[in-house]
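K.L.:
All letters in the sequence shown, in the order written, are residues -20 to -1, 1 to 286 by mature numbering (1 follows the signal peptide of the UniProt record, and there is no 0). No residue lacks a Cβ here, since even glycine has one placed at the ideal position from N, Cα and C.
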Amino acid sequence: MATTLSASRRYVLKAGLALAGGLACPTVIPGPARAATGTRAVNMQLGWLANDNQLGEIVAKRLGYFEEEKIDFAIQPGGPSIDGVAIVASGRFEIGQVSSSPSLLLAASQGIPVKCFAVGAQQHPYSFFSLPAAPVRAPQDMVGKKVGVQATGRILLSALLRKHGIAEGDVEVVVIGADMSPLLTGQVDCITGWETNRTALKVLGPDRITMRLWDQGVRLYAMPYYATAETIEGQGDLLAGFLRAAGRGWQYARQNPEQAVDLFLQEYPDAVREDELAACRTLLDYVFTEKTKQDGWGCFDPAVWQ
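(1) Alpha carbon to alpha carbon, what distance is there between Phe222 and Gln130?
(2) According to DSSP, what are the bridge partners of Arg192?
(3) For Met160, name the three-state secondary structure that DSSP assigns.
(4) Using the C-alpha atoms, what's the distance from Pro282 back to Leu140?
(5) May I ask you to verify whether the segment 67 to 75 touches the segment 24 to 31, counting CB pairs closer than 8 Å and requiring at least 3?
(6) So, helix, strand or coil for Ile62, using DSSP?
(7) Helix or strand or just coil, what does DSSP make of Asn31?
(8) Out of Leu245, Tyr106 and Asp242, state which residue places its alpha-carbon closest to the alpha-carbon of Val198.
(9) Could you name the residues of the same chain whose beta carbon sits closer than 8 Å to that of Val99, not counting the 5 residues immediately before and after it, in chain order?
(10) If we count the other Cβ atoms within 10 Å of its Cβ and call it buried at 16 or more, is Asn236 buried or exposed?
(11) Among Asn177, Leu245, Ala226 and Phe268, which residue has its Cα nearest to the Cα of Ala54?
(12) For Thr172, is the classification buried or exposed, using 16 other Cβ atoms within 10 angstroms of its Cβ as the cut-off for buried?
(13) Given this structure, state the Cα-to-Cα distance separating Ala42 from Tyr232, to the nearest angstrom.
(14) Where does Thr172 sit, in a helix, a strand or coil, going by DSSP?
(15) With a threshold of 16 other CB atoms inside 10 Å of the CB of Ala87, please say whether the residue is buried or exposed.
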């Protein structure tokens, strides 16, 4: 799997990326001819409802970066009843994004012809939150306790338990929704979520205890971008244009977080500016790391997939 992912990435970005301000600028590579005045659609299918995890794409859309690449870009929201990977694999939409890299590993193991061509977050923000009265600072602290997990996060909890030699039966799993109230009401001793979800985390207060999945040795990517093997091989120039535009959007957000959030609010006016700005600053620390300084936005290391 790692070799396949690496090959896909090399095909789109090619060897030797041009770097500009920490941004990898993919070289346009051969692909289908495009009419001089025409545009091509890039629909990005999500596995969830659009949120600030798509900040860079939204900025790029609002600032016309996709238009400059002659791309008609749209975000297609997901949800619990939508199988985004199946939709992209069917050819209905051009690309997709899942929350976690194991989703693509699972798809590959099932023979679904999709491959990763870039990643949004270099480290996974998935974390386990607890309160000072019953702290969970290490995986062993979860033994005998109730852990609240969203249905899509069970695979991540299983990976953590397996990494630390803890039997799944030693932890009581309680499937929860997106809010953190079960921890406050005592229904669970520990609850999971993304450290970037500042709106949900506010209710836990500043004394909450955070145990990051990444810090406990489970090294996964978040927000990987994927497409079918056919799209990667046959429309590499389209994907390169998408990466250029999206990368510029993320770079703009890094340099201008407040303005980026304002652009996000133009697209999603019901969001709370203060919460989105806090989330933006946290998220950018996951998107831009020492690795991206060297290899550029969107890069990934095949070793992390193993």
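P.N.:
Considering the structure as presented:
(1) Across the structure, Gln130 and Phe222 are spaced so that their CA atoms are roughly 31 Å apart.
(2) DSSP links Arg192 through a beta bridge to Ser107.
(3) Here Met160 sits in coil by DSSP.
(4) Here the C-alpha atom of Leu140 lies approximately 20 Å from the C-alpha atom of Pro282.
(5) Contact between the segment 67 to 75 and the segment 24 to 31 is present: three or more C-beta pairs spanning the two stretches fall below 8 Å.
(6) Ile62: coil per DSSP, three-state reduction.
(7) DSSP places Asn31 outside both helix and strand once states are collapsed to three, so it counts as coil.
(8) If you compare the alpha carbons of Leu245, Tyr106 and Asp242 with that of Val198, the shortest gap goes to Tyr106.
(9) Only Ser81, Tyr201, Ala202, Met203, Pro204, Tyr205, Gly278, Cys279 and Phe280 meet the Cβ criterion.
(10) It counts as exposed.
(11) Considering only alpha carbons, the answer is Ala226.
(12) With 16 or more other Cβ atoms from the protein chains shown falling within 10 Å of its own Cβ, Thr172 counts as buried.
(13) Reading off the sequence, residue 42 comes out as Arg, not Ala. Arg42 and Tyr232: Cα-Cα distance of roughly 12 Å.
(14) In this structure, Thr172 counts as strand in the three-state DSSP scheme.
(15) By the neighbour-count criterion, in which a residue is buried when 16 or more other Cβ atoms sit within 10 angstroms of its Cβ, Ala87 is buried.
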